[in-house]
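Trainee:
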Amino acid sequence: MKFLFVDDDESILLFLDSFLSAYAVCREAQNGEEAISAFDQALAEGEPFTAVFMDILMPGMDGNQVVRELRRLERDKGADGNRAFKLIMISICTDTKNVSDSFFYGLADAYIPKPLRPEILMRELRKLGLIPAPARSGLGSP
Amino acid sequence: MQDHAPSPRILTFASDPAFQHRLEEALRRLGCAVLSAPGPGEAPALAAARSPDAVLAGAAPPRGLETLETAAAIKRDQGLPVIIAASLEDDALFAAVERLAPDGAIPSGPSDRRLALALSLALNRSRRAPPEVFEARLEALRQSEAKYRLLAENAEDVIWTLDNELRFTYISPSVKSLRGLTPEEAMAQSVEESMPAESFAVVRQAILTWMEQRRLGNLSHVARFEIEQYRKDGSTVWLECTVRPAFDASGEQAGFVGVSRNMSERRDAERALRESEERFRSLWDALPLPAEILDATGRILAVNRPFLEQFGGAGIPGKMIWEFCIDPEEAEMARLFFKNAAASQPDLTRAFVKMRDVNGQETAVQINWSYRLDTEGRLAGFVGVRTDVTQVLRAEAALRESEERFAALFKFSPEIAALSSLDNGVYLEVNDAFCASTGYSREELIGRSSLEIKLWADPADRDRALAVLAQGRPVIAMETRIRSKDGSVWPSLFSAAAVTISGERRLLTLALDISERKRLEEETLRARDEAVAASKAKTAFLTRISHEIRTPMNSILGLAEMLAQASGLTDRQRGYAADLMRAGEHLLGIINNVLDFSAIEAGRLTLENKPFSPATVLSEAVSLLSSPAREKGLSMRQEIARDVPELAMGDAGRLRQIIMNLGANAIKYSERGRIVLRLETKRDANGGGQLAFEVEDQGIGVPQEAFGHLFKEFSRAPGTSGRFQGSGLGLAIAKRLTEGMGGRIGFESVSGQGSRFFFTLPLTPCEGPSPAAEAPPGIAAGKPLAQDGKRFTILLVEDNPANVIIVTLFLEDLPVSIASAENGARAVALCRDNVYDVILMDIDMPLMDGREASMLIRSIEREAERPPQPIIALTAHAFSEYRDMMAKAGCNDYLAKPIRKKDLVKAIERQLGQPLEPRTAQREGAGPAGPDGADDERISSSLRPIIPAFLEIQRKNLGRMNQALAEKNGRDLRRLGHNLKGAALTYGFSRMADFGADLERAALDGDMALAANILRDLTNHFNNVHIVYGDAPNAGDGSQGSQGRGGVE
């Protein structure tokens, strides 16, 4: 399991890291260039990212542009298809255009709106099978 | 004698057959035996063979010379006398005739006299025949002329002759009757002066034509023309003239002979006919109805213009009339009719047929025919006029239907109906219902009047009805009593009107038996009274039961709140406690609504009329609602117009309740978007001021089918019962409260797009003292008796042990010591010997209630000349009347159960006039109420460990924002604001997120001054938050971290 977090806001990176570092090796990128470079390097090392968490609004390349580039890299290396990374878009933008762009062009698997909620984050990742389902302990026991 | 004379035998031939024929004819008239040569070529042989007495040769161009040569040869070879008839205008012929030196030469069109003379001379010279022969002929001719003259003299027609100079040489006496002139007078006139110029032009043309004909060899051309000639009196007469050239005995042209016939009469007749035809045609076309002329077989000879206009059909003449029928049967009937018409005298004068008009529309037509007979009295044909009777037939049908309907209605109506004479009121017709209801048979009724059968139980009603009818008005639904045959009397609704039925004026009366209706009305009234009583009982029950529920709810909620804040709980346990509180609060909300509604229903709604600040009430509501709104991801905004007055009179609590109700609904029924609460002032229809409130959302809206009953109690948006909780009382209460305050409430909504609820209240300007001055004296004046650092003493008067525990727990952390009394009497006893900083007083207690206890405590204080101790009333009664009652009893403040810790502490602090510092600033599990404390509970425990790091990141970002501001880099500023909005909310710092959003907007608008202000406020806020949540060692600035709460300001 290897996650790449892309957001220009450190506090979001912090949030993701603190909740998800237990489940995966986490890398962070604060802009599109860093993200592409990290992604490319991981591909070259033969340990590509399982999932990429992508902010949409960023200075420089926006999230959708970065994703297109990542998908291209992946295709070039023959890492698409079943091995393609899961894409989780993260943004305060709830407008349908950005969301549909994400899904159509970036093959996004999930969309998580800001403000982030730990429970929503976890729920979505569980749906994607990126983190295990919770143990049903406690409930019903005295 | 002449008869015995031998006929001279004359051989004749001519250059053309026509000429020859003329010559032969003339010879026969003169009694000659004619030897006819087929042509000049055969003539010499014939002359030799038959040896005639003389030869007559006709020579005319173009073959005239040839004929002359033949004639010359016969004269030379056989010595026969030769007479030449030739057209002497031709010079070549003339010369040839001279050379021939014939025995006679005559013009080509000689008169008989001239021919006879020429023959006579020639025969005489040749001695071949005695000239007497011709003398006898000439004498016969002379006698014939005399006969002609006699004829001319006696004819009505005028016979005249002209000489070659166009002078009259003879005019018959009939000219006298024709022109009023004697023949002598007429002959004295020239042709030209005898007629108008136009007529003379006609004559001249005739002469020219004649000359042309003569040039062509046609000497006997007859001209016919019509001219006008003057009568003696100057008037004119139209004449038809026939003129031919005349020849004298020598065969020379001797002018003309003509006959004039009066044609004025014919002209007049023609004109009359023409005019008559003209008149007929214009009348024909001017007929407003389509008309046709048919022959006896039904063939159309002519149709007029309206026919064409209405039924079209270019080229209609020639068609058979039945071709226009739509109905084949009608067509066949028409065909048969015309087939037999010629044989029998037609008796049909009218027919109805259906035809299509020019637009293809089916039209019913009535045809009226008259037949024409010819001069012999035989059928010549028909003239038909058509009338479009479609409308008439339709109207007739409608009238018939209407009358049938009326008849059916009349007969079968369950209402009593009667037709009576307008003159004497006797019944002409009654229906079955009449007989059934009154018990009379039809026979008993017809011919009698209502008066005779004493139908009216109240005769005065009849007089009233007659008076109305006399004014020409109908009587409608007059309630009166009717008496049946058996004497029973029953109530009815009576109506009457004068109507026209089949052309007759009648009085139509209707009556409806309303005994049953009356009975139902009474039952309904009784049922309503019962229902009202039941409703009252229900309301009373609700009030009582609600109150009973509130008291234990107080315990549940209080204990749950304490539990939630207790130490040593796991997160899950804390969650259960929070769920317990939420559920309890929801239940309490419902109970409050039910109570409110019951109170309103029971007419126990009492409204305060005190000064309050409308803007403050709205702001308070917004601040209360913004937290739940934010939880659903909704934004909330308030818009207060500038002209809203600072203070107004009214019931602030009830107003808040309405706003909260509408606001809570907006949140409940919205999944996204923003909610705006507005306040402005308006003018009502009478010019009075109004406060206008609005709550607008972008939620699911109100479905159309719910519009009608939205404000009804227990009704909620249809289809939402599963999705949304609620008692369905909120809007009903809002409506009743609004109306109770003299306002109006309404809404508009588009399903799926949002709703706008609005209400207005009459604005009563505040003239009294401000709310602060109006507040109970104790609140402002209360002074703590306890010294600083000392514990405050509180007396809790409460009979319910659970409530005692709750209040004790609430105040556990505060520097207070609590004494308690289980009833009013005990409290009064304690107050005799002790002075408390604050007394908390329950109202409903055994032995002595709170009201009495309060009054007694006040009297003790007065007796002991002690200052009044602040008393805070605690009660499960939510009604303001309790509040008033307790205020009158001397209480300083009032708290409604279930009591919330926050409210209790605030109330105590108000009475003490100073804050109650918690003894310990930190509590495990929950942070202190910091600057962002409103959503303190939002910060989940899992995030707590990273909050210091978050704050460090934001401190860095604050530096970036300041830098961006200094560089006026709006783009970075906007992005940083945007990021802060998302990040701060993620970490549960909603106030900080608001700053982020404000900053983003200011940067987007390019308003750097505003951005600077926001950044300054954000920095202050951040510092406060950092003090509370920041990790001191990581804060980087040790001095701030250690300052504690004092550093907030």
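Chains as they are written, first to last, in this note's numbering: chain A, 1 to 142; chain B, 1 to 1049.
By construction, the Cβ of each residue, glycine as well, lies at the ideal position given by its N, Cα and C atoms.
Under three-state DSSP, which class holds V807/B?
Mentor: The residue given as residue 807/B occupies position 807 in the second sequence. V807/B: helix per DSSP, three-state reduction.
Trainee: Name the two residues that bound the continuous beta strand (DSSP E) containing R22/B.
Mentor: Taking the second sequence and counting its residues from 1, the one referred to as residue 22/B is at position 22. Segment 17-29 is the alpha helix (DSSP H) holding R22/B; no beta strand (DSSP E) there.
Trainee: I'd like to know if D62/A contacts chain B, where contact means its C-beta is closer than 8 Å to some C-beta of that chain.
Mentor: By one-based count along the first sequence, residue 62/A stands at place 62. Closer than 8 Å: no.
Trainee: For the candidate residues A615/B, K668/B, E680/B, A341/B, whose alpha-carbon lies nearest to that of A652/B?
Mentor: To locate residue 652/B, count along the second sequence from 1; it is residue 652. That would be A615/B, whose Cα lies nearest to the Cα of A652/B.
Trainee: Please go through the same chain and pick out, in chain order, the residues whose beta-carbon is closer than 7 Å to the beta-carbon of I667/B, but skip the five residues on each side of it.
Mentor: Along the second sequence, read from residue 1 onward, the residue named residue 667/B stands at position 667. Closer than 7 Å at Cβ, skipping near neighbours: L625, P628, A629, K632, L634, I675.
Trainee: Within its chain, find whatever has a CB closer than 8 Å to the CB of V750/B; leave out the 5 residues flanking it on each side and keep chain order.
Mentor: On the second sequence, position 750 is the one that residue 750/B refers to. Counting only Cβ-Cβ distances below 8 Å, and skipping sequence neighbours, we find G701.
Trainee: Looking at the C-beta of I56/A, does it have a partner C-beta in chain B at a distance below 8 Å?
Mentor: In the first sequence, the residue the question calls residue 56/A occupies position 56. Cβ-Cβ to chain B under 8 Å: no for I56/A.
Trainee: Mind reading off the beta-carbon distance from P815/B to L916/B? Whole number of angstroms is fine, and I expect it under 8 Å.
Mentor: The residue labelled residue 815/B in the question sits at position 815 within the second sequence. The residue labelled residue 916/B in the question sits at position 916 within the second sequence. Rounded, the Cβ-Cβ distance is 6 Å, consistent with contact.
Trainee: Grab me the residues of I74/B's own chain with a C-beta within less than 7 Å of its C-beta, minus the 5 sequence neighbours each way, in chain order.
Mentor: What you label residue 74/B is simply residue 74 of the second sequence in a count that begins at 1. A43, P44, A47, V55, L80, V82.
Trainee: Taking the runs of the beta strand (DSSP E) that are 3 residues or longer, which of them lie wholly in the stretch 232-281 of chain B?
Mentor: With a minimum length of 3 residues, the continuous beta strand (DSSP E) runs that stay inside the stretch 232-281 of chain B are 236-247, 253-262.
Trainee: Along the chain, where does the alpha helix (DSSP H) containing S749/B start, and where does it finish?
Mentor: Counted from its first residue, the second sequence places residue 749/B at position 749. Run containing S749/B: none in the alpha helix (DSSP H); it sits in the beta strand (DSSP E), 744-750.
Trainee: Which of the three DSSP states, helix, strand or coil, is assigned to S495/B?
Mentor: Against the second sequence, residue 495/B aligns to sequence position 495. In the structure shown, S495/B sits in a strand (DSSP, three-state: E or B).
Trainee: To the nearest angstrom, how far is the alpha carbon of A49/B from that of G109/B?
Mentor: In the second sequence, residue 49/B corresponds to position 49, counting from 1. In the second sequence, residue 109/B corresponds to position 109, counting from 1. Near 29 Å, if we compare the C-alpha coordinates of G109/B and A49/B.
Trainee: For F412/B, count neighbouring Cβ atoms within 10 angstroms of its own Cβ and tell me buried if that reaches 16, exposed if not.
Mentor: Along the second sequence, one-based indexing puts residue 412/B at 412. By the neighbour-count rule (16 or more Cβ atoms within 10 Å), F412/B is not buried but exposed.
Trainee: DSSP beta-bridge partners for S370/B?
Mentor: What you label residue 370/B is simply residue 370 of the second sequence in a count that begins at 1. Note: S370/B sits in a beta bridge opposite V383/B.
Trainee: Taking DSSP as the reference, what is the three-state secondary structure of T616/B?
Mentor: Along the second sequence, read from residue 1 onward, the residue named residue 616/B stands at position 616. In the structure shown, T616/B sits in a helix (DSSP, three-state: H, G or I).
Trainee: Skipping 5 residues on each side, what residues in its chain have a beta carbon closer than 6 Å to that of F382/B?
Mentor: The count along the second sequence starts at 1 and reaches residue 382/B at position 382. Within the same chain, F382/B has close Cβ partners L294, W369, Y371.
Trainee: Counting only C-beta atoms, is P132/A closer than 8 Å to chain B at any point?
Mentor: By 1-based counting over the first sequence, the position of residue 132/A is 132. With 8 Å as the cut-off, P132/A does not count as an interface residue toward chain B.
Trainee: Can you tell which of Q471/B, L763/B, E561/B has its C-alpha closest to the C-alpha of E680/B?
Mentor: Here residue 680/B refers to the residue found at position 680 when the second sequence is read from its first residue. Of the listed residues, the one whose Cα sits closest to E680/B is L763/B.
Trainee: When burial is assigned at 16 or more other CB atoms within 10 Å of the CB, is A186/B buried or exposed?
Mentor: As a position in the second sequence, residue 186/B is number 186, starting the count at 1. Result: buried.
Trainee: Which stretch, first to last residue, makes up the alpha helix (DSSP H) that contains E212/B?
Mentor: Counted from its first residue, the second sequence places residue 212/B at position 212. Segment 197-215, the alpha helix (DSSP H) holding E212/B.
Trainee: With which residues is T161/B paired in a DSSP beta bridge?
Mentor: As a first step, residue 161/B must be located in the second sequence, where it is residue number 161. Note: T161/B sits in a beta bridge opposite Y170/B, V257/B.
Trainee: Confirm, please, whether the CB-CB distance from A59/B to L93/B is below 8 Å.
Mentor: Start at 1 with the first residue of the second sequence, and residue 93/B comes out as number 93. Start at 1 with the first residue of the second sequence, and residue 59/B comes out as number 59. Result yes, Cβ atoms of L93/B and A59/B sit closer than 8 Å.
Trainee: What residue does the alpha helix (DSSP H) around Q657/B start on, and which one ends it?
Mentor: In the second sequence, counting from the first residue as 1, residue 657/B sits at position 657. It spans 652-668 - the alpha helix (DSSP H) in which Q657/B sits, taken as one unbroken run.
Trainee: Does the distance from the C-beta atom of Y894/B to that of Q869/B stay below 8 Å?
Mentor: The count along the second sequence starts at 1 and reaches residue 894/B at position 894. The count along the second sequence starts at 1 and reaches residue 869/B at position 869. Not in contact: Y894/B and Q869/B (Cβ atoms no closer than 8 Å).
Trainee: Which residues, in order along the stretch 969-984 of chain B, keep a beta-carbon less than 9 Å from a beta-carbon of chain A?
Mentor: Answer in chain order: R971, D972, R975, L976, H978, N979, L980, K981, G982, A983, A984.
Trainee: Which residues of chain B have a Cβ atom closer than 9 Å to the Cβ of F15/A, listed in chain order?
Mentor: Stepping through the first sequence from its first residue, residue 15/A is reached at position 15. Within 9 Å Cβ-Cβ: L943, I946, F950, A983, T986, Y987.
Trainee: Is it the case that the Cβ atoms of I871/B and C891/B are separated by a distance below 8 Å?
Mentor: As a working note, residue 871/B is residue 871 in the second sequence. As a working note, residue 891/B is residue 891 in the second sequence. In contact: I871/B and C891/B (Cβ atoms closer than 8 Å).
Trainee: Go ahead and pull the three-state DSSP assignment for M320/B.
Mentor: As a first step, residue 320/B is located in the second sequence; it is residue number 320 there, counting from the start. Strand at M320/B.
Trainee: Rounded to a whole number of angstroms, what is the C-alpha to C-alpha distance between A341/B and I171/B?
Mentor: By one-based count along the second sequence, residue 341/B stands at place 341. By one-based count along the second sequence, residue 171/B stands at place 171. For A341/B and I171/B, the distance between alpha carbons rounds to 58 Å.
Trainee: Return the Cβ separation of G255/B and L121/B in integer angstroms, given the expectation that the two are a contact with Cβ distance under 8 Å.
Mentor: To locate residue 255/B, count along the second sequence from 1; it is residue 255. To locate residue 121/B, count along the second sequence from 1; it is residue 121. Their Cβ separation, rounded to whole angstroms, is 25 Å, which puts G255/B and L121/B out of contact at 8 Å.
Trainee: Applying the 10 Å Cβ sphere with the 16-neighbour rule, what's the burial state of L123/B?
Mentor: The sequence position of residue 123/B within the second sequence is 123, counting from 1. By the 10 Å Cβ count, L123/B comes out buried.
Trainee: Keeping to the same chain, check which residues put their C-beta closer than 7 Å to that of G824/B; ignore five residues upstream and five downstream.
Mentor: To locate residue 824/B, count along the second sequence from 1; it is residue 824. Once the five neighbours on either side are set aside, the close Cβ partners of G824/B are V797, M845, L847, M848, D849, G850, E852, A853.
Trainee: Among D423/B, S670/B, G447/B, H586/B, which residue has its Cα nearest to the Cα of M506/B?
Mentor: Start at 1 with the first residue of the second sequence, and residue 506/B comes out as number 506. The displayed chain sequence assigns Arg, not Met, to residue 506/B. R506/B has its Cα closest to that of D423/B, out of D423/B, S670/B, G447/B, H586/B.
Trainee: Is there contact between the stretch 426-444 of chain B and the stretch 400-417 of chain B, where contact requires at least three CB pairs shorter than 8 Å?
Mentor: Counting Cβ pairs under 8 Å, three or more are found: they touch.
Trainee: Buried or exposed: which applies to H978/B, given that a residue is buried once 16 or more other Cβ atoms fall within 10 Å of its Cβ?
Mentor: Position 978 of the second sequence holds residue 978/B. By the 10 Å Cβ count, H978/B comes out buried.
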